[in-house]
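Protein chains: 2
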Amino acid sequence: MKNESEQAIAVFGAEGLQTAALVRSRIRKGLWTSHTSGLADEHVQGNLVILPKAQADDFLLYCQRNPKPCPVLAVSNPGDRSLPTLGADIDIATDVPRYRVWRDGELVNEPTDITALWRDDLVSFVIGCSFSFEQALMEAGLTLRHVEQGRNVAMFRTNIPTQPAGPFSGPLVVTMRPLRASAVIRAVQITSRFPNVHGAPVHIGDPSLIGIADLARPDYGDAVDVMPDELPVFWACGVTPQAAIQQARPAFCITHAPGAMLITDLLNHQLASF
Amino acid sequence: MKNESEQAIAVFGAEGLQTAALVRSRIRKGLWTSHTSGLADEHVQGNLVILPKAQADDFLLYCQRNPKPCPVLAVSNPGDRSLPTLGADIDIATDVPRYRVWRDGELVNEPTDITALWRDDLVSFVIGCSFSFEQALMEAGLTLRHVEQGRNVAMFRTNIPTQPAGPFSGPLVVTMRPLRASAVIRAVQITSRFPNVHGAPVHIGDPSLIGIADLARPDYGDAVDVMPDELPVFWACGVTPQAAIQQARPAFCITHAPGAMLITDLLNHQLASF
Chain A
1 MKNESEQAIA VFGAEGLQTA ALVRSRIRKG LWTSHTSGLA DEHVQGNLVI LPKAQADDFL
61 LYCQRNPKPC PVLAVSNPGD RSLPTLGADI DIATDVPRYR VWRDGELVNE PTDITALWRD
121 DLVSFVIGCS FSFEQALMEA GLTLRHVEQG RNVAMFRTNI PTQPAGPFSG PLVVTMRPLR
181 ASAVIRAVQI TSRFPNVHGA PVHIGDPSLI GIADLARPDY GDAVDVMPDE LPVFWACGVT
241 PQAAIQQARP AFCITHAPGA MLITDLLNHQ LASF
Chain B
1 MKNESEQAIA VFGAEGLQTA ALVRSRIRKG LWTSHTSGLA DEHVQGNLVI LPKAQADDFL
61 LYCQRNPKPC PVLAVSNPGD RSLPTLGADI DIATDVPRYR VWRDGELVNE PTDITALWRD
121 DLVSFVIGCS FSFEQALMEA GLTLRHVEQG RNVAMFRTNI PTQPAGPFSG PLVVTMRPLR
181 ASAVIRAVQI TSRFPNVHGA PVHIGDPSLI GIADLARPDY GDAVDVMPDE LPVFWACGVT
241 PQAAIQQARP AFCITHAPGA MLITDLLNHQ LASF
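These protein sequence lines are chains A and B, in that order.
Be aware that the first sequence starts at 1, since it is given in UniProt numbering, and climbs by one per residue.
Be aware that the second sequence starts at 1, since it is given in UniProt numbering, and climbs by one per residue.
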């Protein structure tokens with residue numbers, strides 16, 4: 001059985017693998033239905049939330065009030081499947097490898113195309129993701145344990161409430177990456193440059209101070225060890241808006257499936273604020 | 001007995017207290033012979049090291065190799081008592097409130113004027129000091145415990161060696177400020193903007209990882225408590241070059257007396273790199 005990177009090369013070609021528009025076109029044709037980690041990895045990937053206009057205004061307000069977990073990269077016009085600021089050819093109904101369809105807060109389906117579900121009142125939100133700053137951290141020579149071990153990043157619900165807006169509320173969800181002190185300092189500097197993809201950490205050190213009981217038992221993703229000479233470092237996480245949506249239980253909502261993100265034409269480096 | 005700020009107002013006037021050139025002129029006349037904390041506090045203050053030209057080249061190299069503890073703001077020409085880039089009227093032989101004179105590494109005198117000791121081969125080094133970034137931290141709303149408690153900052157010799165140059169070598173000396181995690185993140189961001197006054201921290205958390213046995217027993221300055229919800233944060237310290245000089249035992253050397261710094265015309269804000 002081929003491993004995932006061999007599969008990706010088979011689908012996209014070694015060079016095409018790095019080309020956002022080509023990767024998107026293959027995804028559009030249904031040739032890639034899995035997670036997007038490592039695909040066109042110099043490009044910004046985004047979390048997707050699609051809501052009817054009736055809930056979209058409150059959701060935008062929720063994002064505005066909670067910019068660290070919900071950094072909005074683009075919002076479409078109602079019914080418009082294009083997102084021209086993220087890529088000239090994007091069709092949001094086909095360009096994500098796998099979607100999740102939610103009705104009344106329950107997951108009902110995981111299609112690879114939502115053309116048949118499209119409505120004139122749907123608004124798409126693309127929200128920044130930590131893949132962008134992880135590239136910058138690794139380019140600076142930092143080792144990220146979950147990447148090294150091929151795991152998903154560890155995510156935790158905290159006791160920090162988000163600022164509610166309309167029906168949307170809930171706890172801040174964070175990712176945790178263990179780092180030695182010198183790397184902590186460098187990571188604060190680097191991620192501060194990326195406010196559109198969660199920015200600087202929200203907490204360093206003792207997890208109990210933010211309501212996390214056990215680092216070995218993440219609420220989402222995979223656990224990784226924290227070594228004695230390391231500090232756990234916590235960043236706001238794009239799962240926060242999904243948790244708010246599950247709590248709000250809107251009649252209809254579509255998101256990306258975990259890890260199967262929208263690949264944009266933006267370069268990660270373009271998001272750096274200085 | 002008047003307290004220090006009342007004494008300062010008596011000497012400088014309430015407004016003159018904030019004027020670098022006026023404070024320097026009073027110091028020049030011997031009207032102020034004490035520490036300079038709180039004087040002209042929007043202005044950059046500097047640590048002073050004066051060495052004969054024969055040792056000065058090695059000392060400059062030592063500073064170049066250890067920029068975090070030894071950020072050089074200005075170096076004079078041999079025999080030249082002026083430092084025009086730091087203040088048009090500066091006379092380094094008179095403008096520091098109190099000096100320390102060292103012979104063969106031993107402290108021999110603490111005069112308030114070194115005109116009588118001046119030589120044609122003396123080179124002055126002015127080295128950045130953390131007062132500049134402390135102002136920025138406090139303006140950002142952070143509370144610094146040693147300031148709050150009216151103590152000197154706690155300083156520790158670490159097990160991190162500096163890079164030697166000629167006779168100069170020794171351990172990195174650090175200051176420690178206890179901060180809550182959210183303030184740690186902010187402090188890394190803010191002090192990163194000030195590379196000329198020690199810049200970002202060098203360590204966060206467990207002091208034993210950098211060879212500090214007991215935070216309650218600093219090697220210089222005053223101890224402050226670290227609360228359970230705080231992390232100790234360590235910055236490179238301008239005492240490092242003084243420790244290197246004591247180790248090198250040059251035949252002749254002059255420094256400022258602890259806390260009695262050179263007040264320059266530069267504004268702290270001017271040092272911010274972005």
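Idealized CB from N, CA, C, for every residue including glycine.
C-alpha of P52/A to C-alpha of L83/A: approximately 16 Å in a straight line. Within the region 199 to 224 of chain B, contact with chain A at the beta-carbon level (separation under 8 Å) is assigned to A200, P201, V202, H203, I204, G205, D206, L209.
Here DSSP, grouped into helix, strand and coil, assigns P207/A to helix. About 29 Å separates the beta carbons of I204/A and V49/A, which is beyond the 8 Å limit, so they are not a contact pair. Within the DSSP secondary-structure output, N66/B pairs in no beta bridge. N66/A and T162/A have their alpha carbons spaced roughly 6 Å apart. Taking CB atoms only, A116/A has no neighbour in chain B less than 9 Å away. Rounded to whole angstroms, the gap between the alpha carbons of V23/B and E42/B is 12 Å. Following the DSSP letters along the chain, one finds L122/B inside the beta strand (DSSP E) bounded by residues 122 to 128.
S124/B has a beta carbon lying at 9 Å or more from every beta carbon in chain A. Separation of G30/A and L137/A (C-alpha to C-alpha, rounded to the nearest whole angstrom) is 32 Å.
Under the three-state reduction of DSSP, E110/A is assigned to coil, being neither helix nor strand. In the DSSP secondary-structure assignment, A236/A is bridged to V174/A.
Residue state for V147/B is assigned as helix, using DSSP reduced to three classes.
Your pair T175/B and C237/B checks out as a contact, with CB atoms roughly 5 Å apart and the cut at 8 Å.
At least one CB atom of chain B sits nearer than 9 Å to the CB of L231/A. Neighbours of A181/B across chain A, judged by C-beta separation under 9 Å: P201, V202, H203, I204, G205, D206, L209, I210, F234.
For V202/A, the secondary structure class from DSSP, reduced to helix, strand or coil, is coil. Chain-order list of chain A residues neighbouring I185/B: V188, A200, P201, I204, by C-beta distance under 7 Å. Secondary structure note for V75/A: its beta strand (DSSP E) is the uninterrupted segment 72 to 75. Residue burial annotation: F133/A is buried, with at least 16 other C-beta atoms found within 10 angstroms of its C-beta.
In this structure, P71/B keeps its C-beta atom at 9 Å or more from the C-beta atom of P164/B.
Taking C-beta atoms as the reference points, S182/A and V197/B fail to come closer than 9 Å.
Look at I263/A here: in three-state DSSP terms it is strand. By the neighbour-count criterion, in which a residue is buried when 16 or more other Cβ atoms sit within 10 angstroms of its Cβ, D80/B is exposed. Q270/B sits exposed, since fewer than 16 C-beta atoms from the chains shown fall within 10 Å of its C-beta. Chain-ordered, the chain B residues with CB closer than 9 Å to the CB of F274/A read F274. Distance check between E230/B and each of H256/B, P241/B, I212/B, V184/B places V184/B closest, using alpha-carbon atoms only. A Cβ-Cβ contact shorter than 9 Å links A74/B with F125/B. With 16 or more other CB atoms across the displayed protein chains lying within 10 angstroms of its CB, G221/B is buried.
Per the coordinates, the alpha-carbon of N109/A lies some 52 Å from the alpha-carbon of F234/B. DSSP, read as helix, strand or coil, puts R103/A in strand.
For T162/B, no beta strand (DSSP E) run applies, since DSSP gives it neither H nor E. Listed along chain B are Q189, each with a C-beta nearer than 7 Å to that of S192/A. V239/B sits close to V173/B, with the two beta carbons spaced by under 9 Å.
When DSSP reads this structure, H43/A sits in a beta bridge with L267/A.
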